[in-house]
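K.L.:
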Amino acid sequence: MMRLRGFALALLLAGGASVLQAQSLGRQAVPRAQAESVAVTTSVRSQYVVHCAGCHGLDGAGSRIGNVPDMRQLGHFLRLPGGREFVIRVPGVMGSGLNDRQVADVTNWVLSTLAAASLPADHVPYDAAEVQRARSDPLVDVAAARAGLLEEARRLGVPLD
2 MMRLRGFALA LLLAGGASVL QAQSLGRQAV PRAQAESVAV TTSVRSQYVV
52 HCAGCHGLDG AGSRIGNVPD MRQLGHFLRL PGGREFVIRV PGVMGSGLND
102 RQVADVTNWV LSTLAAASLP ADHVPYDAAE VQRARSDPLV DVAAARAGLL
152 EEARRLGVPL D
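Counting from 2, one number per residue, gives the positions in the sequence shown under my numbering.
1. Identify the residues that DSSP records as bridge partners of residue 220: which are they?
2. Skipping 5 residues on each side, what residues in its chain have a beta carbon closer than 6 Å to that of residue 101?
3. Based on Cα-Cα distance, which residue from 135, 144, 118, 152 lies nearest to residue 85?
4. Under the rule that 16 or more other beta-carbon atoms within 10 Å means buried, what is residue 141, buried or exposed?
5. I'd like to check one pair, residue 90 with residue 126: are the Cβ atoms closer than 8 Å?
6. Could you please give the first and the last residue of the uninterrupted alpha helix (DSSP H) stretch that includes residue 85?
7. Kindly confirm or deny that the segment 61–79 and the segment 110–121 touch, where touching means at least three C-beta pairs closer than 8 Å.
8. Helix, strand or coil for residue 135? Go by DSSP, reduced to three states.
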């Protein structure tokens with residue numbers, strides 16, 4: 002019994018020493034009242050930042066380097082036959098790690114904020130069921146699909162590049 006108490010005391014002291022050491026080395030996180038809201042990425046904008054902004058940028062502008070599309074023009078795709086489906090079938094969307102509801106929410110957020118100027122007046126928001134259907138038919142050749150849509154945009158006078 003004495004041996005068990007000694008072991009427990011040693012563990013307690015070792016744990017206390019670890020905390021003191023962490024504090025002295027500046028490694029202990031300081032509790033903040035807002036810590037939970039900072040850590041949770043449940044807002045749609047936060048999901049965009051975590052899953053999309055790394056390539057498309059916080060403003061959605063994309064980049065010519067790497068041929069990253071400009072999300073500010075995303076609404077123009079909705080004016081094209083097959084464009085609505087294309088938007089949610091691209092690998093970056095399908096492989097984002099977001100579930101169907103989150104993909105719909107983030108896509109709708111992008112369209113209503115970053116791409117608001119290009120959004121058709123008759124736009125119907127995406128829903129989880131539409132995303133689920135899109136997942137069952139992934140794009141095989143994204144470049145060819147995009148090139149076809151860009152050609153159709155030129156033919157119809159839709160401002161896409």
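All residues carry an ideal CB built from backbone N, CA and C; glycine is no exception. Bear in mind the structure is a predicted one, so any value in this text is a computation, not a measurement.
P.N.:
Answer, in terms of the structure:
1. Look at the range of the chain in this structure, 2 to 162, and you will see that residue 220 is not part of it.
2. 129, 132, 133
3. 135
4. exposed
5. no
6. 84–90
7. yes
8. helix
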